[in-house]
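Residue numbers (my numbering): 2 to 706.
Set out below in structure tokens:
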């Protein structure tokens, strides 16, 4: 609402712009709260937005900051004001007398505004005294007296007229000014629109009707309209509260005019006991009250799932949280299959944390960083690594469990991996070699301490015919070989020692940025590396069981499009990670992208769900998480950079609420520094990468290529 600068009256306005019809209430600040409560009482889901009156003057012909300006310098203006044709106590038709909502006719005319056109209906009101009621009662009494006297009664009056007057004077009355203003490219079209709007008021014709006032000075009239001045003399009528409500009210479902600006999705307030410090999530705005929404660390440890279509604000939300953690000195991991998120983050890294950044970028083929998938310190970790790699194979080659990868495959690859892991520094290259080089296996067997694994080679494989042996082993090699023969991937997974220690990254609160850009390294390579990296981080977290809980430093792992990297082991990550102080924030676009086990793990374990705008299928599934506060339609239609959140506070669930994530993008752009990004990239590759020729020479020697 706009603060009043003249007389204490209200203005109700309906404004038509191209493709957009909006409703405004102009009131003194002293009445603002009262009016908002009245509107919300009648329309509980209405959204009331204060407007910026000054902003509209800065741009022609646009709705700006929710205020409007229908005028342009080249535009031609037509205008009129309406008053009652007969005495004020004579009624017009009200909604009870009309078959359809009269607002439909008015909005239909306003909907015809074309490019560069605009129209507004302005209804000023001020409480009227009771003189008009006395005049009405006097008229009724006089009419009845005349009718009762046979000598003076010339004809019987219409009982409907007297009943209508009786009904009108029984209601509160208001002095009313009705103004219509149209701006268009030509005087003819402006006049035509004005005529159509004025004619729409003929639907109220009854015992009384509207007629036009005479005006001579256009500039004076337009000034009165713009500043909502009350006219100095005449031009007013008195309408009852019922008549006024018939002419101006907010649209309901019966008004089907296209372009009527309506709330497509509900809002709901954040709970009173929401955290007041911690990770800033956004603003909760509801009925004029704005509250900052935060989440404390303990609630974050129960993980967060973010879902939303492309372009709804999901990635910006991730970036905001990541940068907060970085500025707070937290340990952060980011796995990005697109690369854009990490490129943005690199430009925003504060100088004090530049040394903490580890950028893992497989596309840097000149200085590849080593990542030994088979590194494990304990027997338990070895078996977990093997299990995660088998899960990776299912994910990549047999996601629907059709039998492409079965028990024989699992048995063979498990034994091959466990065998080479007895040789320190062995990598995936040695795994493939063990499947194709019998003499290499013979070199390894003396180091294998597990008799069952030894017997696999000495008994089972030795007694298998060459045909059946090659049938199984060649099949495995055909699956794994593509990654070993790919030079880029081989130079990463073929290095005996990983470039960095995941456990140290977590314990020392480093910033690990994993750029798995599909556009640079290919979709299959991106999925492969992500599928081995994410479980590796869990192994590092689980190894923290050797330190007390209070010594475990929080580490926040952000994974975008996480379904690409989620195996059935992901359920274990969600259930186990919290006690090792590994907090996951995962995001994707569609629920259907997740396998059933992963989906059950997400909705069964995460403490927070943030839903941006989603599709019909996902909304149908997710509505059960957000009911009764929000429904399917809300989830489908929520505005960009807004989200619905279902979360916990102090470990206890609270009612879902809406948050507004809009922000000043210019501030972020001013902080972005491409030079910082380049320096951090160079620093990271020099510290953690190795010269490609040295890497290839070492791999060739070990693999005997």
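Just so it is clear, CB atoms sit at the ideal spot from N, CA and C, and this is done for glycine as well.
- Here residue 307 is near residue 588, since their CB atoms are less than 8 Å apart.
- By a beta-carbon distance limit of 8 Å, residue 241 contacts residue 174. Their separation comes to about 6 Å.
- Classified as exposed, residue 463 has fewer than 16 neighbouring CB atoms from the shown chains inside 10 Å of its CB.
- Contact check for residue 360 against residue 682 passes: the beta carbons are separated by less than 8 Å.
- Rounded to whole angstroms, the separation of the alpha carbons of residue 101 and residue 47 is 22 Å.
- Residue pairing by DSSP leaves residue 581 without any beta bridge partner.
- DSSP places residue 365 in the coil class of the three-state scheme, outside both helix and strand.
- When rounded, the separation of the alpha-carbon atoms in residue 439 and residue 538 is 33 Å.
- Under the three-state reduction of DSSP output, residue 213 falls in the strand class.
- For residue 307, the uninterrupted beta strand (DSSP E) segment begins and ends at 305-308.
- When beta bridges are read from the DSSP output, residue 654 appears opposite 649.
- Shown here for residue 137: same chain residues with a beta carbon closer than 6 Å to its own, the five before and five after excluded, namely 90, 166 and 170 in chain order.
- Around the beta carbon of residue 129, a 10 Å sphere encloses 16 or more other beta carbons of the protein chains shown; the residue is thus reported as buried.
- Pairing residue 593 with residue 566 gives a Cβ-Cβ distance that is not under 8 Å.
- Residue environment: residue 618 is assigned as exposed (fewer than 16 neighbouring CB atoms within 10 Å of its CB, all protein chains considered).
- Pairing residue 582 with residue 383 gives a Cβ-Cβ distance that is not under 8 Å.
- Per DSSP, reduced to three states, the secondary structure at residue 140 is helical.
- DSSP places residue 42 in the uninterrupted alpha helix (DSSP H) bounded by 30-43.
- Residue 526 and residue 281 have their C-alpha atoms roughly 35 Å apart.
- Fully contained in the segment 478-532 are the following alpha helix (DSSP H) runs of length 4 or more, in chain order: 488-494, 503-508 and 519-522.
- Put simply, the segment 594-613 does not touch the segment 327-344. Fewer than three CB pairs are less than 8 Å apart.
- Across the set 406, 118, 15 and 274, the C-alpha of 274 shows the shortest separation from the C-alpha of residue 653.
- DSSP lists no bridge partner for residue 288.
- In this structure, DSSP gives residue 165 a helical state, which the three-state scheme calls helix.
- Distance between residue 414 and residue 485, taken at the CA atoms: about 15 Å.
- Between the segment 365-383 and the segment 419-434 there are three or more inter-stretch CB-CB distances shorter than 8 Å, so the stretches are counted as touching.
- Taking C-alpha positions only, residue 196 is separated from residue 120 by approximately 12 Å.
- Per the DSSP secondary-structure output, residue 125 pairs in a beta bridge with 12 and 178.
- The C-beta separation of residue 633 from residue 643 comes to about 16 Å, leaving the pair out of contact by the 8 Å criterion.
- Within the model, the alpha-carbon separation for residue 276 versus residue 298 is close to 10 Å.
- The Cβ atoms of residue 80 and residue 223 lie closer than 8 Å to each other.
- Look at residue 593 here: in three-state DSSP terms it is helix.
- Judged by DSSP in its simplified three-state form, residue 326 adopts helix.
- Leaving aside the five residues that flank residue 674 on each side, the residues in its chain whose CB is nearer than 7 Å to its CB run, in chain order, 348.
- The shortest C-alpha to C-alpha distance from residue 279 to any of 344, 142 and 330 is the one to 330.
- The alpha-carbon separation between residue 641 and residue 317 amounts to approximately 11 Å.
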